[in-house]
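Each residue of the sequence shown is one higher than the one before, counting from -15 in our numbering. Yeah, the Cβ is synthetic: ideal placement off N, Cα and C, and Gly gets one too. Here the structure is laid out as structure tokens; the discussion comes afterwards.
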Amino acid sequence: MKIGIASDHAGFDMKQQLVTHLVEKGYEVEDFGTHTIDRVDYPDYAKLVANDVVNGHIACGILVCGTGIGMSIAANKVKGIRAALVYNELTARLAKEHNHANIIAIGGRTQTVSEAKLIVDTYLNAHKESRHEGRIEKIAKIEEENL
Ligand code: RB5
-15 MKIGIASDHA GFDMKQQLVT HLVEKGYEVE DFGTHTIDRV DYPDYAKLVA NDVVNGHIAC
45 GILVCGTGIG MSIAANKVKG IRAALVYNEL TARLAKEHNH ANIIAIGGRT QTVSEAKLIV
105 DTYLNAHKES RHEGRIEKIA KIEEENL
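Right under this line is the structure:
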């Protein structure tokens, strides 16, 4: 299972540490950048990861900006993306179980790195619950109605 990850400058340090953490755990990771602390625009990176989730190149995505808010808003503009801003173990687990999130967004300025590692591990180890499928279909229907 390949995981995509990206950040802007505000999430860069956390992203680097998450890449190391995931590789150590044995995941295949594709790092979409940014690759320096120079200022960049988070929508550019959200789009790269979101597009590759939708086309199946990666199984899911992890996005880090200052708060996670901008990344989640931008990723959710891509049809088929369910990006969840998560901030603890519970939201990380429920994002997968209830919302079938295919991307999680984390705040590099609002969470510690150890919290972020726990969030990522929890999300990746959780499973989609089929009883929520009808609600996911209703989300997709909203997309179809707003093309
Ligand atoms: C960058 O300064 C900051 O606005 C960005 O990382 C993010 O927090 C946006 O939601």
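Inset, instruction - Would you kindly work out how many angstroms separate the C-alpha atoms of R119 and I103, rounded to a whole number? - result: 24 Å
Inset, instruction - Look at V33 and G64 and say whether their C-beta atoms are less than 7 Å apart. - result: no
Inset, instruction - Answer with buried or exposed for S(-9), where buried requires no fewer than 16 other C-beta atoms within 10 angstroms of its C-beta. - result: Buried, because 16 or more other Cβ atoms sit within 10 Å of the Cβ of S(-9).
Legend entry - Beta-carbon gap between T94 and T51 smaller than 7 Å: yes
Legend entry - Three CB pairs or more closer than 8 Å across the region 0 to 8 and the region 23 to 43: no
Legend entry - As assigned by DSSP and simplified to three states, the class of E117: In this structure, E117 counts as helix in the three-state DSSP scheme.
Inset, instruction - Identify, in the order they occur along the chain, each residue of the same chain with its Cβ nearer than 6 Å to the Cβ of S56, setting aside the five sequence neighbours on each side. - result: Excluding positions up to five away in sequence, the list reads A67, L69, A89.
Legend entry - Nearest-angstrom beta carbon gap, M(-15) and A43 [assumed within contact, 8 Å]: 5 Å
Legend entry - CA nearest to the CA of V38, picked from A85, T20, A79, I21: Checked all of A85, T20, A79, I21; the closest Cα to V38 is A85.
Legend entry - Whole-Å CB distance - K80 paired with H41, under 8 Å assumed: Actually they are not in contact, since the Cβ atoms of K80 and H41 sit about 20 Å apart, beyond 8 Å.
Inset, instruction - Note down the Cα distance separating E99 from E129, rounded to an integer number of angstroms. - result: 37 Å
Legend entry - Inter-residue Cα distance where the pair is L108 and K9: 11 Å
Legend entry - Beta carbon shell of the ligand RB5 at less than 5 Å from a heavy atom: Cβ atoms closer than 5 Å to the ligand RB5 belong to D(-8), A(-6), C49, G50, T51, I53, G54.
Inset, instruction - Reducing DSSP to helix, strand and coil, say where R69 ends up. - result: For the sequence presented, residue 69 should be read as Leu rather than Arg. Strand at L69.
Inset, instruction - Please state if the CB of G(-5) and the CB of V62 are separated by a distance shorter than 7 Å. - result: no
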